[in-house]
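S.K.: Taken in order, the sequence shown gives residues 5 to 305; the numbers are from this note's numbering.
Where a beta carbon is used, it is the ideal one built from N, C-alpha and C, also for glycine.
First, the structure itself, so that you have it in front of you.
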Amino acid sequence: MMKSGRRAFLETFTKVAGSSVLIGSQLLTAIPVLGEVRGSMTVGEVIDLILKTIPGAPFSKTVDTLKSGSAGQPVTGIVSTMFATVEVIEKAVKLGANFIIAHEPTFYNHADETAWLENDAVFQYKKALLDKHKIAVWRFHDYWHTHQPDGVQMGVLTSLGWEKYYDEKNPAVVTLPGVSLKNLTTHVKEKLGIATMRVVGDLAQPCKRILLMPGASGGRNQIGAIIREKPDVLICGEVSEWETAEYVRDARRKGDKLSLIVMGHSPSEEPGMKWLESWLQPRVPGIKVSHVESGSPFLFV
């Protein structure tokens, strides 16, 4: 049945205006969706939408800034990843995406300072590639870790299948039914797709209380958390080899039943950027969100 001209007009009006009108006894309510009304969201609009979900945002001091592109450019597609590598940029182009949300730096230092790289051929090549395809890169590190719950932590927990085992008040602590260190390492490798990991400990040791710290939180934070939480094993992204690894070695010599699993930085946090894909997609209807894994740069020989 065709709608009357008056009803069709009012429904169109409510879709655009985002208001409610009464037709007979039926209340029609429309929620404005930027992507539908304007054809596309801009980079800045997507960032603003995300920041509205982050406690205390925007921060006065953060590394989460645009590294290329502009806030005003319309978004054709979004790619989430750990590192905006040259390969990831190339894959984004093939996907028709011009907005990369990366967890870690683009230009090889924490603050993405580039003055020291201006004459470097690698930096120039990467920057030219971004400029050529008009790709915006936004770092999403401080904000994603501040999200409640921590976006990276939830991505790792979900990928490991540990949603029902973690402490919601303290998501870094996971209590498992009990598993050997060897089987635990096998589980982590298989679920996160990690080829090799480094371990300190006895592979036969039973592990129940897990301290999960993806990324690189630093030796003092890791050791402080071990002292506070008293885990059977710390599973982390990376360590300074003269800090946490040596603490665990000495603790074991003392007689403590403590082990360490080092996953590697990228594989330990990439699940958080995969989780961003499913978290963000419903919030930007009409814009395709894809996760592109940046992977590890290392070969193991």
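Alpha carbon to alpha carbon, what distance is there between Ile58 and Pro301?
M.R.: Going from the Cα of Pro301 to the Cα of Ile58 covers about 31 Å.
S.K.: With 16 other CB atoms within 10 Å as the buried threshold, where does Leu207 fall?
M.R.: Result: exposed.
S.K.: Under the three-state reduction of DSSP, which class applies to Pro210: helix, strand or coil?
M.R.: Note: Pro210 maps to strand in three-state DSSP.
S.K.: Judging by CA-CA distance, which residue of Thr80, Thr69, His137, Ala75 is the nearest neighbour of Thr110?
M.R.: Per the Cα distances, Thr69.
S.K.: Using the Cβ count rule (16 or more neighbours within 10 Å means buried), how would you classify Leu164?
M.R.: Counting Cβ neighbours within 10 Å, Leu164 comes out buried, since at least 16 surround it.
S.K.: Quick check on the burial criterion: 16 or more other C-beta atoms within 10 angstroms. Buried or exposed for Ser298?
M.R.: Looking at its Cβ environment, which holds 16 or more other Cβ atoms inside 10 Å, Ser298 is buried.
S.K.: Pull up the distance between the alpha-carbon of Cys240 and that of Gly219, whole angstroms please.
M.R.: Cα-Cα distance, rounded: 7 Å.
S.K.: If you draw a straight line from the alpha carbon of Val41 to that of Val83, how long is it in whole angstroms?
M.R.: Unreliable placement is indicated for Val41, whose pLDDT of 34 sits below 50; no coordinate value is reported for it.
S.K.: Based on DSSP bridge pairs, tell me the residues matched to Leu264.
M.R.: Bridge partners of Leu264: Val204, Leu238.
S.K.: Residues in the same chain with beta-carbon distance under 6 Å from Val293, minus the five sequence neighbours each way, listed in chain order, please.
M.R.: Here the set comprises Ile82, Glu281, Leu284, Gln285.
S.K.: Alpha carbon to alpha carbon, how far is Ala132 from Thr162? Give it in angstroms, no decimals.
M.R.: Taking the straight line from one Cα to the other gives about 37 Å.
S.K.: Per DSSP, which one or two residues make a beta bridge with Arg224?
M.R.: Bridge partners of Arg224: none, in fact.
S.K.: To the nearest angstrom, report how far apart Gln157 and Gly290 are at their CA atoms.
M.R.: The alpha-carbon atoms of Gln157 and Gly290 are separated by roughly 28 Å.
S.K.: What does the alpha-carbon distance come out to for the pair Lys186 and Pro78?
M.R.: Computed Cα separation, rounded: 49 Å.
S.K.: Under the three-state reduction of DSSP, which class applies to Thr110: helix, strand or coil?
M.R.: Correct three-state label for Thr110: coil.
S.K.: At which residue ranges does the region 124-162 contain complete beta strand (DSSP E) runs of 3 or more residues, listed in the order of the chain?
M.R.: Counting only runs of 3 or more, we get 140-143.
S.K.: Note the first and the last residue of the continuous alpha helix (DSSP H) segment covering Thr57.
M.R.: Run containing Thr57: none; DSSP gives neither H nor E here.
S.K.: Cα separation between Val288 and Lys98?
M.R.: If I take the Cα positions, the gap works out to 20 Å.
S.K.: With respect to the alpha helix (DSSP H) encompassing Ile82, which residues constitute its N-terminal and C-terminal limits?
M.R.: From DSSP, Ile82 is part of no alpha helix (DSSP H) but of the beta strand (DSSP E) over 82-85.
S.K.: Leaving aside the five residues before and after Thr118 along the sequence, list all residues of the same chain whose C-beta is less than 7 Å from its C-beta, in chain order.
M.R.: So the qualifying residues of the chain are Phe111, Phe127.
S.K.: Please report whether the beta-carbon of Gln157 lies at a distance below 7 Å from any beta-carbon of chain B.
M.R.: The question asks about chain B, but that chain is absent: this structure has only one protein chain.
S.K.: Where do the ends of the alpha helix (DSSP H) carrying Gly197 lie?
M.R.: Where Gly197 is concerned, there is no enclosing alpha helix (DSSP H), given that its DSSP letter is neither H nor E.
S.K.: With Ala101 as the anchor, note down where its beta strand (DSSP E) starts and where it stops.
M.R.: Counting along the chain, Ala101 falls outside any beta strand (DSSP E), and DSSP gives it neither H nor E.
S.K.: Span of the alpha helix (DSSP H) holding Lys65?
M.R.: Unbroken run through Lys65: none, as it is neither H nor E.
S.K.: Can you check which of these residues, Asp116, Glu245, Lys173, Pro210, is closest to Gln152 by C-alpha distance?
M.R.: Nearest C-alpha to Gln152: Lys173.
S.K.: Going by beta carbon distance, what residues of the same chain come within less than 7 Å of Leu121, once the five residues before and after it are set aside?
M.R.: Phe111, Phe127.
S.K.: Helix, strand or coil for Asp116? Go by DSSP, reduced to three states.
M.R.: The answer is coil: DSSP assigns Asp116 none of H, G, I, E or B.
S.K.: Could you give the DSSP three-state label for Gly43: helix, strand or coil?
M.R.: Low local confidence applies: a pLDDT of 47 at Gly43 is under 50, so the model's placement there is unreliable, with the coordinate-based value given in what follows. Note: Gly43 maps to coil in three-state DSSP.
S.K.: Across the region 231-240 and the region 207-217, are there enough close Cβ pairs to call them in contact, namely three or more that are closer than 8 Å?
M.R.: Touching, yes.
S.K.: Based on the DSSP output, what are the partners of Asp254 in its beta bridges?
M.R.: According to DSSP, which records beta bridges pairwise, Asp254 is partnered with nothing at all.
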